[in-house]
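Residue numbers (the numbering used here), protein chains in the order written: chain Z, 434 to 576; chain V, 434 to 576.
Glycine residues also receive a C-beta, built at the ideal position from the N, C-alpha and C atoms.
Fair warning: this is a prediction, and the values are worked out from it, not measured in the lab.
2 protein chains.
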Amino acid sequence: MQTELTDRFIKMARERKLKVTPQRVEIFRTLALSHEHPSAEQIHKDVREHLPAVSLDTVYRTLATLEQHGLIDRVNTSDDRARYEVHDHDHHHFVCVKCKEVYDVEWPEFDQLPLPAGVADLGLPMQPRVELKGICRKCQQQG
Amino acid sequence: MQTELTDRFIKMARERKLKVTPQRVEIFRTLALSHEHPSAEQIHKDVREHLPAVSLDTVYRTLATLEQHGLIDRVNTSDDRARYEVHDHDHHHFVCVKCKEVYDVEWPEFDQLPLPAGVADLGLPMQPRVELKGICRKCQQQG
DNA sequence: GGGTGAATCAGAATAATTCCGATTTAGGGA
DNA sequence: TCCCTAAATCGGAATTATTCTGATTCACCC
C-alpha cells in the first residue's frame, strides 16, 4: 500500500516529465495519507519525520509544482495559510468560519448539475467545487 | 444614492450594535461601490481619497468586524491576499487560476438545489457558494 | 559512468496581516 | 447639551507566511 501510493506518484510525475526526487515522493505521500487538508508547514513537519533534512522552501516549491500539474489542489479556507489535498474524486467542502476546519462533503446531485449557460463566455472552467461556509458542531457547542 | 447606501450601512450597523464611525462608513461604501472584489490594500487606497488619514490597520480591523457580523464576505481566491465583497444576493464565482481575477456568476438552478443530506451532521451551513476554478478568456488568449 | 539542467538547501528578504501603547471619539446617560 | 467610558483609531513596530538567492547536489539522458 505504501509502495502502491509511491508507484502511483512516480507514474504521474513521469507522465508530466517531473523529476522524481525523494523529497517530492515523501511530500506527496504525506499529503495523500493525511485527511486533514494540511498546510505547508504541517506537511513540512510530517515529512521531516521520514526525511529530516527537507527544507521548508522545498515543500513550498513542490506544492506549487504539483498544483500546477494538477496532482494536488489548494483548498480555499478563510485561513491565512494555504491548505492542500491530493486531486481526487469529486467532493466538496464544509469550512468552519470559526476554527477553519475543513470537512469533505459528497454531493452527487450537484455533480450531475450542468454548469450555468453564461460560464462558457468567461473562460474554461475546470472543477466546480462547492464551498459551504458555516459553523461546525464543535464550535457550536463551545458557543 | 450615496445617501441611500450610507443609510443602509448605518441601519445595519446599529442593528448589530456596531459603532458608526466615518472610517467604517467609508470602507463599507467603497466596497459596495466596487465590483472588483478588492483587497484590503486596494480598499485602503480608495478610502484615502475621501478620508486621507485612515490607517491600513483600521481597514483590516473593520473588514474583519464587518465579516464577523455578516455585512461583507471574504472571497476565497488562490491569491495570497484576502479579497472582499458586500454580502448581497446569491451569486457564485469563477476564479481564474492564472490571473486570480474573480467573475460573478448567476446560477439559479444551483440556488434551488437542496443541500446534501449529510451536511446537517457537520454543523450549521450559512451560504453555499460555488467556486468555479478555471482559466479566463483573457489568459486563454495570452497562451 | 559523466555531463547538465533542474532540484535542493539554509538563510535572508519580502509582503500581508496583526499587535501595541497612546490618543481620539461615538453613543448612552445625567 | 455635556460628560464618561469603552471601543475605535493611529502610526509604527512585530509577526507570520511565503518567496528569493546563490551555492551545492542530484536525477536522468546519453
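| Nearest to LEU466 (chain V) (by Cα), restricted to the options V:GLN501, V:ASP490, V:THR495, V:HIS520 | Distances from the CA of LEU466 (chain V) to each of V:GLN501, V:ASP490, V:THR495, V:HIS520 were compared; the closest alpha carbon is that of V:HIS520.
| task | Anything in chain V within Cβ reach of LYS566 (chain Z), meaning under 8 Å, just list it in chain order. | result | Within chain V, the residues near LYS566 (chain Z) are PRO558, MET559, GLN560, ARG562.
| query | For ASP512 (chain Z), does the three-state DSSP call read helix, strand or coil? | reply | Of the three classes helix, strand and coil, the one that applies to ASP512 (chain Z) here is coil, per DSSP.
| query | Which one of Z:VAL492, Z:GLU539, Z:VAL458, Z:ARG514 has the shortest CA to CA distance from ASP440 (chain Z)? | reply | Of Z:VAL492, Z:GLU539, Z:VAL458, Z:ARG514, the residue nearest in Cα terms is Z:VAL458.
| Given a threshold of 16 other Cβ atoms within 10 Å of its Cβ, counted over all protein chains shown, does ALA553 (chain V) qualify as buried or as exposed? | Exposed, by the Cβ-count rule.
| Is ASP523 (chain V) helix, strand or coil by DSSP? | Coil at ASP523 (chain V), not helix or strand.
| query | Which chain Z residues sit within Cβ distance under 8 Å of GLN573 (chain V)? | reply | Under the 8 Å cutoff, chain Z gives GLY556, LEU557.
| task | Identify, in the order they occur along the chain, each residue of the same chain with its Cβ nearer than 8 Å to the Cβ of ILE568 (chain Z), setting aside the five sequence neighbours on each side. | result | CYS529, VAL530, LYS531, listed in sequence order.
| message | Spatial neighbours of ARG514 (chain V) within its chain, please: C-beta separation below 6 Å, excluding the five flanking residues on both sides. | response | Here ARG514 (chain V) has SER472 as same chain residues with Cβ atoms under 6 Å from its own Cβ, once five neighbours each way along the sequence are excluded.
| Any idea if GLY551 (chain V) is buried or exposed, counting beta-carbon neighbours within 10 angstroms, 16 or more meaning buried? | Around the beta carbon of GLY551 (chain V), fewer than 16 other beta carbons sit within 10 angstroms, so the residue counts as exposed.
| task | On the DSSP bridge assignment, give the partners of CYS569 (chain V) in chain order. | result | Paired residues: Z:GLY556.
| CB-CB length for GLY556 (chain V) against GLN573 (chain Z), believed under 8 Å | The C-beta separation of GLY556 (chain V) from GLN573 (chain Z) comes to about 6 Å, placing the pair in contact by the 8 Å criterion.
| Would you say HIS581 (chain V) and VAL538 (chain V) are within 9 Å of each other, going by their C-beta atoms? | Since the displayed chain V opens at 434 and closes at 576, residue 581 (chain V) lies outside it and no answer follows.
| Do LEU451 (chain Z) and HIS483 (chain Z) have their CB atoms nearer than 9 Å? | It is not a contact, given that the beta carbons lie outside the stated cut-off.
| For PRO547 (chain V) and chain Z, any beta-carbon pair shorter than 9 Å? | At a cut-off of 9 Å between beta-carbon atoms, PRO547 (chain V) makes contact with chain Z.
| Beta-carbon of PHE461 (chain V) versus every beta-carbon of chain Z: anything under 9 Å? | Chain Z, which has no Cβ nearer than 9 Å to the Cβ of PHE461 (chain V), makes this no.
| Using the beta-carbon of each residue, which ones in chain Z are nearer than 9 Å to GLU539 (chain V)? | Going along chain Z in sequence order, the residues near GLU539 (chain V) (Cβ under 9 Å) are PRO549, GLY551.
| Out of curiosity, what's the CA-to-CA distance linking LYS444 (chain V) and LEU438 (chain V)? | Distance between the alpha carbons of LYS444 (chain V) and LEU438 (chain V): 10 Å.
| query | Can you give the Cα-Cα distance for ARG507 (chain Z) and PHE543 (chain Z), rounded to whole angstroms? | reply | Each residue's alpha carbon lies about 21 Å from the other.
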